[in-house]
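Residue numbers (our numbering): 4 to 292. Below: the structure, in structure tokens.
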């Protein structure tokens with residue numbers, strides 16, 4: 004699964020090398036003309052529309068021409084991610100979030116990033132605003148405060164991380180059928196990472212589920228997903244008291260509670276709480292009668 008995300012470094016590099024001219028940005032189009040800002044805006048919007056992008060262009064810039072002698076534009080879109088795109092038929096598009104992450108990776112490897120392979124318009128500099136547009140489309144129920152491109156699946160689907168203010172974040176994937184989302188609790192249980200989600204944010208979203216259960220006096224300090232099946236997700240809970248439990252959660256409700264001492268066969272058992280500390284705790288098996 005991690006290999007899926009690691010494909011970012013080569014995600015658009017081949018297309019970039021074939022489509023984007025290295026070197027400084029140019030003010031002239033493929034015919035050597037210097038179009039006006041209004042002409043650039045109209046041509047850039049036409050290219051975005053022809054490419055099938057849901058983009059109402061609010062800022063645009065001409066970057067020059069591609070190796071194949073097509074005009075090259077950068078656009079910032081209202082309420083979403085921006086793009087670098089060409090006037091080819093059909094237009095080639097490069098997501099600004101993906102280009103930014105790829106440029107960071109290339110710099111870390113000691114490579115040189117071409118001037119026209121990163122987005123520089125002011126409207127394309129706030130990654131949280133750009134990722135929020137994708138998050139809305141994916142049905143992410145939070146206030147987005149951060150985000151970045153993670154990479155692509157073997158099928159070429161783009162994957163992004165979404166950071167949420169005060170709650171668990173998400174990985175979202177753009178598929179041919181639409182968007183899919185996976186919360187960070189599950190993603191981290193699959194050995195993926197969530198840079199923009201803290202332990203405190205995950206606990207804040209989970210704590211209310213313990214109300215009216217046999218462990219409603221547990222002040223959760225940390226949670227971790229151990230396993231998942233048709234009956235729900237099995238989530239380890241480390242309490243401030245030192246006790247540890249596993250909660251079976253389905254449809255956003257706790258259906259069963261196991262002390263860590265009785266949960267050794269669930270996803271390999273508890274890792275946040277030593278079993279010895281859990282053995283002295285009560286052993287409830289369900290919610291409060």
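Positions of the beta carbon are idealized from the N, C-alpha and C atoms, including for glycine.
Report task. Go through the segment 89 to 148 residue by residue and report every complete run of the beta strand (DSSP E) that reaches 3 residues or more, in order. Result -> 96 to 98
Requested in this report: Measure from the alpha carbon of residue 49 to the alpha carbon of each residue in 69, 95, 83 and 31, then state which is nearest.
Outcome: 95
Requested in this report: State the DSSP-derived secondary structure class of residue 231, mapped to helix, strand or coil.
Outcome: Reduced to three states, the DSSP call for residue 231 is strand.
Query raised in the report: Would the beta-carbon of residue 76 be found less than 7 Å away from any heavy atom of the ligand HEM?
Result: You won't find the ligand HEM in this model; it holds no ligand whatsoever.
Query - When 176, 259 and 249 are compared against residue 272, the one with the closest alpha-carbon - result: 249
Query raised in the report: Is it the case that the Cβ atoms of residue 203 and residue 125 are separated by a distance below 8 Å?
Result: no
**Report entry** Cα-Cα separation between residue 276 and residue 191, rounded to whole angstroms
**Finding:** 18 Å
Report task. Note down, in chain order, each residue of its chain lying with its Cβ closer than 6 Å to the Cβ of residue 224, except the 5 sequence neighbours on either side. Result -> 241 and 243
Requested in this report: Specify, as a first and last residue, the run of the beta strand (DSSP E) that residue 161 falls within.
Outcome: 161 to 167
Report task. Give me the Cα-Cα distance between residue 216 and residue 262, rounded to the nearest whole angstrom. Result -> Distance between the alpha carbons of residue 216 and residue 262 is about 13 Å.
**Report entry** Endpoints, the beta strand (DSSP E) within which residue 78 is located
**Finding:** Per DSSP, the unbroken beta strand (DSSP E) holding residue 78 starts and ends at 74 to 80.
Query raised in the report: Thinking C-alpha only, which one of 103, 88, 104 and 75 is nearest residue 56?
Result: 88
Report task. Using 10 angstroms around the beta-carbon of residue 105, count the other beta-carbons present and answer buried if the total reaches 16, otherwise exposed. Result -> buried
Report task. Would you mind sorting residue 274 into buried or exposed? The rule is 16 or more other CB atoms within 10 Å of its CB. Result -> Exposed: under 16 other Cβ atoms inside 10 Å.
Query raised in the report: My guess is that residue 83 and residue 122 are in contact by the Cβ rule of under 8 Å, so how many angstroms apart are they, rounded?
Result: At roughly 13 Å, the Cβ-Cβ gap does not stay under 8 Å, so residue 83 and residue 122 are not in contact.
Query raised in the report: Whose CA, out of 32, 270, 31 and 114, lies closest to the CA of residue 193?
Result: Out of 32, 270, 31 and 114, 270 has the C-alpha closest to the C-alpha of residue 193.
Query raised in the report: Going straight from the alpha carbon of residue 234 to that of residue 171, what length do you get?
Result: Spanning the alpha carbons of residue 234 and residue 171 requires a straight line of approximately 22 Å.
Query raised in the report: According to the Cβ coordinates, are residue 38 and residue 32 closer than 8 Å?
Result: Taking a C-beta distance under 8 Å as the contact criterion, residue 38 and residue 32 qualify as a contact pair.
**Report entry** For residue 174, the nearest candidate out of 168, 180 and 198 (CA to CA)
**Finding:** 198
Query raised in the report: Should residue 205 be labelled buried (16 or more other beta-carbon atoms within 10 Å of its own) or exposed?
Result: Classification of residue 205: buried, given that the 10 Å Cβ count is 16 or more.
Requested in this report: Just mark residue 143 as buried or exposed, buried being the case when its beta carbon has 16 or more other beta carbons within 10 Å.
Outcome: buried
Query raised in the report: Going by C-alpha distance, which of 66, 90 and 179 is nearest residue 158?
Result: 179
Requested in this report: List the DSSP bridge partners of residue 67.
Outcome: 75
Query raised in the report: residue 176 and residue 160 look like a contact to me (Cβ under 8 Å); what is the Cβ gap, rounded to whole Å?
Result: Right, their Cβ atoms sit about 5 Å apart.
Query raised in the report: For residue 66, does the count of other Cβ atoms within 10 angstroms reach 16, so buried, or fall short, so exposed?
Result: buried
Report task. Note down, one range per segment and in chain order, each beta strand (DSSP E) of at least 3 residues found wholly within the segment 239 to 266. Result -> 247 to 253 and 256 to 262
Query raised in the report: Can you pull the DSSP bridge partners for residue 55?
Result: For residue 55, which the question treats as bridged, DSSP gives no partner whatsoever.
Report task. Check residue 191 in the structure and name its three-state DSSP category. Result -> Three-state DSSP puts residue 191 in a helix.
Requested in this report: Between the Cα of residue 256 and those of 72, 208, 150 and 187, spot the shortest distance and give me the residue it belongs to.
Outcome: It is 208 whose Cα lies nearest to the Cα of residue 256.
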